[in-house]
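Asks: Position in the sequence shown (from 1) plus 276 gives the number in the numbering used here.
For each residue, glycine too, the CB sits at the ideal point set by N, CA and C.
Predicted, not measured: the structure shown is a model, and the values here were computed from it.
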Amino acid sequence: MLLVKELSVKGERIFITGGAGFIGSRLGRALTALGAEVTVYDNLHPQVHGDNPDINFPMRLIKGDIRDREFLAQAIHDVLPTVVIHLAAETGTGQSADEPSRYCDVNVVGTGYLIEILRAMQCPLRRFILAATRAVYGEGAYIDAMGRMVIAPPRKTEAMARGLFDITDEQGKPLTAIATPENMPPAPGSVYGSTKLMQEYLIQQTPAPWEYIILRLQNVYGPGQSLRNPYTGVLSIFCQQALAGKTLNIYEDGAIIRDFVFVDDVVSAFVSACQVATANGEVINIGTGHRASIADAAQLILTKLELTDQNYNITGEFRAGDIRHALADISLAQNFLQWSPKMSFENGIQALVDWAKSEEGINAG
Ligand SMILES: NC(=O)c1ccc[n+]([C@@H]2O[C@H](COP(=O)([O-])OP(=O)(O)OC[C@H]3O[C@@H](n4cnc5c(N)ncnc54)[C@H](O)[C@@H]3O)[C@@H](O)[C@H]2O)c1
Numbered sequence: 277m278l279l280v281k282e283l284s285v286k287g288e289r290i291f292i293t294g295g296a297g298f299i300g301s302r303l304g305r306a307l308t309a310l311g312a313e314v315t316v317y318d319n320l321h322p323q324v325h326g327d328n329p330d331i332n333f334p335m336r337l338i339k340g341d342i343r344d345r346e347f348l349a350q351a352i353h354d355v356l357p358t359v360v361i362h363l364a365a366e367t368g369t370g371q372s373a374d375e376p377s378r379y380c381d382v383n384v385v386g387t388g389y390l391i392e393i394l395r396a397m398q399c400p401l402r403r404f405i406l407a408a409t410r411a412v413y414g415e416g417a418y419i420d421a422m423g424r425m426v427i428a429p430p431r432k433t434e435a436m437a438r439g440l441f442d443i444t445d446e447q448g449k450p451l452t453a454i455a456t457p458e459n460m461p462p463a464p465g466s467v468y469g470s471t472k473l474m475q476e477y478l479i480q481q482t483p484a485p486w487e488y489i490i491l492r493l494q495n496v497y498g499p500g501q502s503l504r505n506p507y508t509g510v511l512s513i514f515c516q517q518a519l520a521g522k523t524l525n526i527y528e529d530g531a532i533i534r535d536f537v538f539v540d541d542v543v544s545a546f547v548s549a550c551q552v553a554t555a556n557g558e559v560i561n562i563g564t565g566h567r568a569s570i571a572d573a574a575q576l577i578l579t580k581l582e583l584t585d586q587n588y589n590i591t592g593e594f595r596a597g598d599i600r601h602a603l604a605d606i607s608l609a610q611n612f613l614q615w616s617p618k619m620s621f622e623n624g625i626q627a628l629v630d631w632a633k634s635e636e637g638i639n640a641g
């Protein structure tokens, strides 16, 4: 076991792009509580925050767009950050197929601007931490009948139209999903995943004086995830729909698998990434290593809301590009960050449901 967590964040000037969002706002609070001076740079994207956002947190907020190069440069020169945590992004997998240029602009070009501005800064940054994603793996790791690890090929639309959702090899033989390690060659299946992979490449391939750590997050859920953004956060969307009395429509046969990780566990992974002494240049999965099917997750939400499973419907419909199975191998996170998730799925869903109910009450009142 490596000895890590040697650096204190007390007094560090931490600049969080996208820090008004779901993960960033909780992370900013946690770092502030540890004595860091946190500045949030965020354009308060209406898709996430609505038209009249009511932002209330102890961090300094600079409202600006990652694509506004001059304004971003001004903000960074004003703050002179010692740590940058880059979260600002367009995050909708389905939406990215319809708006590839916007996704490239924000996720790729925006990251390019950020790196160029930081390179021109007089006092060097200590560390750059990127919020990356499991979407870079596409279908991720599988094993074949011989026990060999393989990258699963993308699913064929014709097969899915016939209700064949599970992954097979090119000959149609079944493959078995396993936890995906970080050294699996990336094979994103969406524009979103490709732009997020490009962020990783920009950080890895631009010579710079700072250390970097890339955290590939699985599906993050919990209180604070936008209930109005229809493009991300399946569990928040389910909560919002269930509270509105709608039926939850579940794609495929309900057996899509995700590794849902609670937001506060993700926050503690980022805090560790600020504190560790020895993870420079590492790409690290952040998940739980536990599988949950979408149908089971929906059922749990309905149970916690005291609704019945008549409120959900497995439709057999599918979306091209959807990943069948996502599960993280989290051994590197345990080694490099001395991190492991603490929240059980059941308690995490309870926290999400309680929060969604209180938000619904506020909006209704
Ligand atoms: N939530 C997840 O399940 C998940 C999973 C994997 C990776 N990630 C990554 O984590 C990061 C944060 O995700 P989140 O769930 O907190 O999303 P979020 O949408 O809640 O937060 C993103 C924030 O970025 C801001 N933003 C968007 N476009 C911007 C722009 N052009 N300029 C400045 N700010 C902009 C938004 O206003 C928002 O506050 C993203 O980079 C995302 O790709 C999230």
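(1) Is there contact here, the segment 588-602 with the segment 542-560, by at least three beta-carbon pairs under 8 Å?
(2) Measuring only the C-alpha atoms, how far is R302 from Q586?
(3) When burial is assigned at 16 or more other CB atoms within 10 Å of the CB, is N556 buried or exposed?
(4) How should T584 be labelled, buried or exposed, when 16 other C-beta atoms within 10 angstroms of its C-beta is the threshold for buried?
(5) If you run the structure through DSSP and keep just helix, strand and coil, what is L394?
(6) I want to check one thing, is the minimum distance from the CB of V324 to the heavy atoms of ligand 1 below 7 Å?
(7) Using the C-alpha atoms, what's the distance from A604 back to P457?
(8) For ligand 1, I want to know if R336 counts as a neighbour, meaning its beta carbon is within less than 7 Å of at least one of the ligand's heavy atoms.
(9) What's the gap between the Cα of N623 and the Cα of T409?
(10) CA-CA distance, M277 and S616?
(11) Tell me, please, which residues DSSP counts as bridged to F298.
(12) Which two residues bound the contiguous alpha helix (DSSP H) that contains I513?
(13) With distances taken from CA atoms, which of N611, A571 and I533 is nearest A545?
(14) Quick one: what's got a C-beta closer than 7 Å to A518's C-beta in the same chain, skipping five residues either side?
(15) Tell me, which residues are paired with R438 by DSSP?
(16) Going by DSSP in three states, D374 sits in which element: helix, strand or coil?
(17) With H, G and I counted as helix, E and B as strand and the rest as coil, what does DSSP make of Y507?
(18) If I follow the unbroken beta strand (DSSP E) through M425, where does it start and stop?
(19) How would you call C550, buried or exposed, if buried means at least 16 neighbouring beta carbons within 10 angstroms?
(20) From I606, V467, R395 and S569, pick the residue whose C-alpha is nearest to that of L530; which is it?
(21) Roughly how far, in whole angstroms, is the beta-carbon of V539 from the beta-carbon of I299, given that I think they are within contact range, below 8 Å?
(22) Under the three-state reduction of DSSP, which class applies to N495: helix, strand or coil?
(23) Skipping 5 residues on each side, what residues in its chain have a beta carbon closer than 6 Å to that of T591?
(24) Bridge partners of A417, per DSSP?
(25) Considering only the alpha carbon of each residue, which of Y477, H325, I405 and N319 lies closest to I290?
(26) Ignoring anything shorter than 4 residues or poking outside the segment 562-602, list the alpha helix (DSSP H) runs there in chain order.
(27) Using a Cβ-Cβ cut-off of 6 Å (strictly less than) and excluding sequence neighbours within five positions of Q481, which residues of its own chain qualify?
(28) Quick check: the Cα distance between L493 and K339, rounded to an integer number of angstroms?
(29) Assign A296 to buried or exposed, taking buried as 16 or more other Cβ atoms, counted over all protein chains shown, within 10 Å of its Cβ.
Replies: Answer, in terms of the structure:
(1) Taking a cut-off of 8 Å on C-beta distances, the segment 588-602 does not touch the segment 542-560, as fewer than three cross pairs fall below it.
(2) In the sequence shown, counting from the first residue as 1, residue 302 sits at position 26. In the sequence shown, counting from the first residue as 1, residue 586 sits at position 310. Rounded to whole angstroms, R302 to Q586 spans 34 Å at the Cα level.
(3) As a first step, residue 556 must be located in the sequence shown, where it is residue number 280. N556 sits exposed, since fewer than 16 C-beta atoms from the chains shown fall within 10 Å of its C-beta.
(4) Position 308 of the sequence shown, counted from the first residue, corresponds to residue 584. Residue burial annotation: T584 is exposed, with fewer than 16 other C-beta atoms found within 10 angstroms of its C-beta.
(5) For this step, residue 394 is matched to residue 118 along the sequence shown. Look at L394 here: in three-state DSSP terms it is helix.
(6) Along the sequence shown, read from residue 1 onward, the residue named residue 324 stands at position 48. If you check the C-beta of V324 against ligand 1, you find a heavy atom less than 7 Å away.
(7) For the purposes of this step, residue 457 is taken as the residue at position 181 of the sequence shown. For the purposes of this step, residue 604 is taken as the residue at position 328 of the sequence shown. Straight-line Cα distance between these residues: approximately 7 Å.
(8) For this step, residue 336 is matched to residue 60 along the sequence shown. Distances between the C-beta of R336 and the heavy atoms of ligand 1 are all 7 Å or more.
(9) Counting from 1 along the sequence shown, the entry for residue 623 is found at position 347. Counting from 1 along the sequence shown, the entry for residue 409 is found at position 133. When rounded, the distance between both Cα atoms is 24 Å.
(10) The sequence position of residue 277 within the sequence shown is 1, counting from 1. The sequence position of residue 616 within the sequence shown is 340, counting from 1. Residue confidence is low: M277 scores 47 on pLDDT, short of 50, so the model does not pin down where it sits. Its coordinate-derived value is still stated next. M277 and S616 have their alpha carbons spaced roughly 14 Å apart.
(11) Counting from 1 along the sequence shown, the entry for residue 298 is found at position 22. F298 pairs with nothing; no bridge assigned.
(12) For this step, residue 513 is matched to residue 237 along the sequence shown. Counting along the chain, I513 sits inside the alpha helix (DSSP H) bounded by residues V510 to L519.
(13) Translated into positions along the sequence shown, residue 545 becomes position 269. By alpha-carbon distance to A545, the top candidate from N611, A571 and I533 is N611.
(14) By one-based count along the sequence shown, residue 518 stands at place 242. Once the five neighbours on either side are set aside, the close Cβ partners of A518 are L524, I577, L578, L581, L583 and N587.
(15) Position 162 of the sequence shown, counted from the first residue, corresponds to residue 438. Answer is none; R438 lacks a bridge partner.
(16) To locate residue 374, count along the sequence shown from 1; it is residue 98. Here D374 sits in helix by DSSP.
(17) Within the sequence shown, residue 507 is the residue found at index 231, counting from 1. Secondary structure of Y507 (DSSP, three-state): coil.
(18) As a working note, residue 425 is residue 149 in the sequence shown. Counting along the chain, M425 sits inside the beta strand (DSSP E) bounded by residues M425 to I427.
(19) Within the sequence shown, residue 550 is the residue found at index 274, counting from 1. It counts as buried.
(20) Against the sequence shown, residue 530 aligns to sequence position 254. Rather than Leu, the amino acid found at residue 530 in this sequence is Gly. Closest in alpha carbon position to G530, among I606, V467, R395 and S569, is S569.
(21) As a first step, residue 539 is located in the sequence shown; it is residue number 263 there, counting from the start. As a first step, residue 299 is located in the sequence shown; it is residue number 23 there, counting from the start. Contact holds; Cβ gap of about 6 Å.
(22) In the sequence shown, residue 495 corresponds to position 219, counting from 1. In the structure shown, N495 adopts extended strand secondary structure according to DSSP, grouped into three states.
(23) Position 315 of the sequence shown holds residue 591. Result list for T591: N525, in chain order.
(24) If you number the sequence shown from 1, residue 417 lands on position 141. Answer by DSSP bridge pairing, in chain order: I427.
(25) Start at 1 with the first residue of the sequence shown, and residue 290 comes out as number 14. Here the closest residue by C-alpha is I405.
(26) DSSP runs (the alpha helix (DSSP H)) wholly in the segment 562-602: 570-580.
(27) One-based indexing of the sequence shown puts residue 481 at position 205. Closer than 6 Å at the Cβ level, and outside the excluded window around Q481, lies no residue.
(28) As a first step, residue 493 must be located in the sequence shown, where it is residue number 217. As a first step, residue 339 must be located in the sequence shown, where it is residue number 63. Rounded to the nearest angstrom, the gap between the Cα atoms of L493 and K339 is 25 Å.
(29) Counting from 1 along the sequence shown, the entry for residue 296 is found at position 20. The residue is buried, with at least 16 neighbouring Cβ atoms inside 10 Å.
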